[in-house]
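Worksheet: one structure, shown below.
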Ligand code: SF4
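In my numbering, the protein residues as written are 361 to 458.
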């Protein structure tokens, strides 16, 4: 359906709530493997929530609090480059529209 009927994806995602599990990240990157395999740059490109960004030194920063729990990063990451699990119960994304 069109944006006219449902609004843009960005507007709909903005309605979600996030319960942040401070100090207990559910995403960790092995920077060495991510760099050697090119996984880091790939994560920056594919994540729909822009959780990953490249630092000036080439390492990858992770803003895990905005994760939509879609699993796309797991599908593209080289073995060993990414540790990912769902946030603890009651934490993470709470969808307001489907
Ligand atoms: Fe981004 Fe989806 Fe991976 Fe979360 S699960 S970090 S939203 S690609």
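Positions of the beta carbon are idealized from the N, C-alpha and C atoms, including for glycine.
Cβ pair residue i, residue j closer than 8 Å
| i | j | result |
| --- | --- | --- |
| residue 372 | residue 457 | yes |
| residue 381 | residue 448 | yes |
| residue 327 | residue 422 | Residue 327 is absent from the model: the chain starts at 361 and stops at 458. |
| residue 379 | residue 426 | no |
| residue 329 | residue 391 | Given that the chain is displayed from residue 361 to residue 458, the structure contains no residue 329 and the question cannot be resolved. |
Boundaries of the beta strand (DSSP E) in which residue i is found, first to last residue
| i | result |
| --- | --- |
| residue 379 | 377-379 |
| residue 400 | Unbroken run through residue 400 is the alpha helix (DSSP H), 399-406; no beta strand (DSSP E). |
| residue 421 | 420-422 |
DSSP state of residue i mapped onto helix, strand, coil
| i | result |
| --- | --- |
| residue 370 | helix |
| residue 455 | coil |
| residue 392 | helix |
| residue 409 | coil |
| residue 428 | coil |
Integer-rounded CB distance, given that residue j should sit under 8 Å from residue i
| i | j | result |
| --- | --- | --- |
| residue 385 | residue 446 | Residue 385 to residue 446, Cβ: 12 Å. No contact. |
| residue 406 | residue 436 | 6 Å |
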